[in-house]
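The sequence shown begins at 3 in our numbering and counts up by one. We treat Cβ as the ideally placed atom computed from N, Cα and C, and that holds for glycine.
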Amino acid sequence: MSENFVEHTLKPIFDGNSKILILGTMPSPKSRQNNFYYGNPQNRFWKVMADIFNEPLPQNNEQRENFMLSHGIALWDVLKSCNIDGADDSTIKNPVPNDLNSVISQTKIKTVFTTGKKAYSLYNRFCRKSTGIDAISLPSTSPANCRHYTYEDILREYSVLLAYI
C-alpha cells in the first residue's frame with residue numbers, strides 16, 4: 003500500500019453534556035468507508051464500550067452516536083490531516099492537528115483519553131498546550147493490536163473510563 007494524503011471527514015461526536023473526550027489518531031480506511039469511528043468490524047472498540055457499560059452492542063452509526071452521548075463521552079481524532087499508509091499509525095507523516103478546543107469549549111470535558119500510543123504522542127506534541135488537559139493513554143483497540151493485548155486486558159484498561167463519567 004502506498005502512503006496517501008488523508009483529510010479527516012468525520013464530524014466530532016459530542017454535546018454539551020460530554021465529560022470525557024476519547025481521541026484516536028485518524029479514521030482508518032474502513033472507518034472512512036463506513037462513515038463512523040472505529041468502523042472496522044474487527045476493531046474491538048464498540049464491543050469494549052458495550053461491555054464496560056453492560057449494554058447491548060450498538061449496531062449502526064446512529065446507535066453508536068447515541069450510545070456515546072448518553073454516557074457523556076465525546077469522540078474525535080487528534081489529526082485533521084496527514085499522510086498515512088492505510089491504517090498504519092507508524093507511517094504518519096505531515097500531521098496537522100484538529101482544533102480540539104472547538105469541541106472542548108462547548109462541553110464539560112475535563113479528561114482526555116487517547117486510543118493508542120501514537121494518538122497519545124500526537125496529542126502531547128500538538129494539542130496538550132492549547133487544551134491544558136493531560137491525556138490518559140489507553141491501548142489501541144485495533145485488530146493490529148490483538149497480539150499485544152487480549153480482549154480482557156483492553157476491557158480492564160478501558161474500565162477506567164467509568165471513574166470519569
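The beta-carbon separation of D91 and K120, rounded to 4 Å, stays under the 8 Å limit for a contact. Per DSSP, N100 is not a residue of any beta strand (DSSP E), being assigned neither H nor E. Taking C-beta separations shorter than 7 Å and ignoring five residues to either side along the sequence, the partners of T109 in its chain run F16, G18, S20, A76, following chain order.
C129 and I135 have their C-alpha atoms spaced approximately 9 Å apart. Scanning its chain for C-beta atoms nearer than 7 Å, with the 5 sequence neighbours on each side dropped, one finds around V8 the residues M28, S83, C84, I86, in chain order. According to the DSSP assignment, I135 belongs to no alpha helix (DSSP H), since it is labelled neither H nor E.
Of T133, S132, E154, the smallest CA-CA separation from P141 is found for E154. Looking only at K49, K95, S72, the smallest Cα-Cα distance to Q61 is reached by K49.
For F69, the uninterrupted alpha helix (DSSP H) run begins and ends at 63-72, by DSSP.
DSSP places F128 in the helix class (H, G or I) of the three-state scheme.
Classified as exposed, P58 has fewer than 16 neighbouring CB atoms from the shown chains inside 10 Å of its CB. In the DSSP secondary-structure assignment, G26 is bridged to D79. D79 sits buried, since 16 or more C-beta atoms from the chains shown fall within 10 Å of its C-beta.
Distances from the CA of A146 to each of M51, L25, P14, R46 were compared; the closest alpha carbon is that of R46.
Assigned with DSSP and collapsed to three states, S92 falls in strand.
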